[in-house]
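Below is one structure, written out as structure tokens; comments come after it.
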Amino acid sequence: MRTLNVHIKDKAYPVVIDTALFSRIKWHDIFGPPPVSCALITNTTLAELHLPAVRSYFQKLVPQFAEIILPDGEEYKTLATTGEIYHHLSQAGLDRKSALIAFGGGVITDITGFAASTYMRGVRYYQIPTSLLAQVDSSVGGKTGVNLPEGKNLVGTFYQPDGVMCDLSFLETLPPREFREGMSEVLKAGFLAGGKLLRILKEKTRELSSGIQDILEEVVYLSIDYKREVVEEDELESGIRAVLNYGHTIGHALEKAAGYGVLRHGEAVAVGMVGEAIIGKNLGFVDPGFISLQEEMLRASDLPTKVSVPVSREIFFQALRQDKKKEAGQLRISIVKESGKPLFGIKIDEDMVSEVLPALCEVVEP
Ligand code: NAD
Ligand code: GLY
């Protein structure tokens, strides 16, 4: 069992990483006194696969235990679903001393965090992330949110959890495509952090991408530890936290322009990292050696470096213009100069993006 502690302002919380965690974990020793009442929020997929073990753990721990099972899918990460969660919580008699427990991938952890930050003006909130992406990225840092029809994550809060339990054994049932998509965020962390994480990833990319390995625990630990370091320095993304958006500006626009469902988020980020690295190289910042290393590692992970369907230039740029990371209309990206040396706040314009677009997809002109 590996534990790390995240310290943000006046709050500190433990993140525990292990396999078969629920057969071993002693709540009191790690998280202190358990709540008297709690609601576990999950989706139908996770409920079918893993709920009995998790339920039995919490039923023994917490006197009043409720479950809320949501439909599975990003399309349910909405204000309407949040409203339903509030009703369930209220009907189950949950009060300000209660806790919410998110059990699922990033969709469940984001919406549960959002509900926890707003129900009764904020209740305790624990995460049990079950996808690789949620374990290495959304588990730490306190971004919560829901989507609007106008775009993803447009409503949300910064609300740090009270504890995180990453049980790698849940990943055994994660479909291979979702696992690889999580690897994209792991590789992103490796490129940004450099050092030991990148060394392990370079040596073991192919094995890691094929599923759970002994080394995965170390890789998850180091990825979370890197994110911990960044968010401890800049919780609210007024500076260095923007490096975590590497690949996301072009990635989000490609995801939308390719049509949701064609590219999964992590796949879009993989192609986005390729594009943003080329822009960085064209601006004279990025070492060409890094570009080849990145492409080699993405390919070894079976992640795309190019979109497989034609993409409309018009729709792509519409999506890019809606980027919520823009400041005063100015697009900015983060880049990696060389492994372990990220830069953020690089101002770019549409011409620079236009120049790299043909390297990322077949462009359909209007
Ligand atoms: P997801 O939650 O939709 O999970 C992907 C799929 O895998 C779903 O069908 C889910 O039910 C299934 N699944 C999850 N764990 C499983 C398991 N152990 N076994 C079998 N199936 C399992 O998507 P995701 O990729 O985990 O997360 C994406 C979401 O996370 C997006 O909404 C994104 O905005 C958000 N996100 C948030 C942050 C943050 O910092 N808050 C960071 C990155 C992404
Ligand atoms: N996923 C990016 C962040 O947490 O800032």
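With this note's numbering, letter number 266 in the sequence shown gets 268, and the count goes up by one each step, no holes. A virtual CB, placed ideally from N, CA and C, is assigned to each residue, including glycine.
query: Tell me which residue opens and which closes the beta strand (DSSP E) that Q137 is part of.; result: Looking at the DSSP string, Q137 is not in any beta strand (DSSP E), and its letter there is neither H nor E.
query: Cutting at 7 Å between CB atoms, please list the residues of its own chain near D304, excluding the five before and the five after it.; result: R182, S211
query: Considering only residues of the same chain and omitting the five flanking positions on each side of T46, which have a CB-CB separation below 7 Å?; result: I71, P73, D74
query: Where does A94 sit, in a helix, a strand or coil, going by DSSP?; result: coil
query: DSSP three-state call for V233: helix, strand or coil?; result: helix
query: What's the gap between the Cα of E50 and the Cα of G106?; result: 12 Å
query: Does the ligand NAD have even one heavy atom less than 7 Å from the beta-carbon of F172?; result: yes
query: Buried or exposed: which applies to S25, given that a residue is buried once 16 or more other Cβ atoms fall within 10 Å of its Cβ?; result: exposed
query: Which first and last residues belong to the alpha helix (DSSP H) in which D353 is found?; result: 352-362
query: Whole angstroms is fine: what's the gap from Y127's alpha carbon to M167's?; result: 12 Å
query: Report yes if the C-beta of G277 is less than 7 Å from at least one heavy atom of the ligand NAD; otherwise report no.; result: no
query: Which stretch, first to last residue, makes up the alpha helix (DSSP H) that contains R208?; result: 197-211
query: Are the CB atoms of I226 and V355 within a distance shorter than 8 Å?; result: no
query: Taking 7 Å as the cut-off, does the CB of K145 come closer than this to any heavy atom belonging to the ligand GLY?; result: yes
query: Does the distance between the C-beta of R381 and the nearest non-hydrogen atom of the ligand GLY fall short of 7 Å?; result: Since the displayed the chain opens at 3 and closes at 368, residue 381 lies outside it and no answer follows.
query: Between the Cα of G277 and the Cα atoms of V138, L362, L345, I202, which residue gives the shortest distance?; result: L362
query: Let me know if K198 comes out buried or exposed under the rule of 16 or more other beta-carbons within 10 Å of its beta-carbon.; result: exposed
query: By the three-class DSSP mapping on this structure, what secondary structure does L156 have?; result: strand
query: Is A41 buried or exposed, if buried means 16 or more other CB atoms sit within 10 Å of its CB?; result: buried
query: Quick one: does the C-beta of N247 sit closer than 7 Å to a heavy atom of the ligand NAD?; result: no
query: Are the beta-carbon atoms of R4 and I27 separated by less than 8 Å?; result: no
query: Identify every residue that forms a DSSP beta bridge with A14.; result: H9
query: Taking contact to mean 3 or more Cβ pairs, one atom from each stretch, closer than 8 Å, check whether the region 282-291 and the region 227-239 are in contact.; result: no
query: With a cut-off of 8 Å on the beta carbons, I'd call T114 and A104 a contact; round off their distance for me.; result: 3 Å
query: Would you mind working out which of D351, V125, F160 sits nearest L238, comparing C-alpha positions?; result: F160
query: Suppose you measure from the CA of I242 to the CA of E231; what does that come to, to the nearest Å?; result: 10 Å
query: Can you give me the Cβ contacts of M185 inside the same chain, cut-off strictly under 6 Å, excluding the 5 residues immediately before and after it?; result: S211, S303
query: Spell out a yes or no on whether the region 253-265 and the region 308-318 are touching, meaning 3 or more CB-CB pairs, one atom from each, closer than 8 Å.; result: yes
query: Is E278 helix, strand or coil by DSSP?; result: helix
query: Touch check for the region 319-327 and the region 216-225: three-plus C-beta pairs under 8 Å?; result: no
query: Excluding the five sequence neighbours on either side, which residues of its own chain have a C-beta within less than 8 Å of the C-beta of A112, listed in chain order?; result: The sequence shown places Asp at residue 112, not Ala. K79, S140, K145, T146, G147, V148, N155, G158.
query: Starting from D169, trace the beta strand (DSSP E) both ways and give me its first and last residue.; result: 165-169
query: Taking the continuous beta strand (DSSP E) assigned at V311, which residues delimit it?; result: That residue, V311, is in no beta strand (DSSP E); it is neither H nor E in DSSP.
query: Within the present structure, is the beta-carbon of N284 separated from the nearest heavy atom of the ligand NAD by less than 7 Å?; result: no
query: Can you find the residues in the same chain that come closer than 7 Å, C-beta to C-beta, to L345, ignoring five residues on each side of it along the sequence?; result: F287, S336, I337, K339
query: Do you know whose CA, among E234, I202, Q215, lies nearest G143's CA?; result: E234
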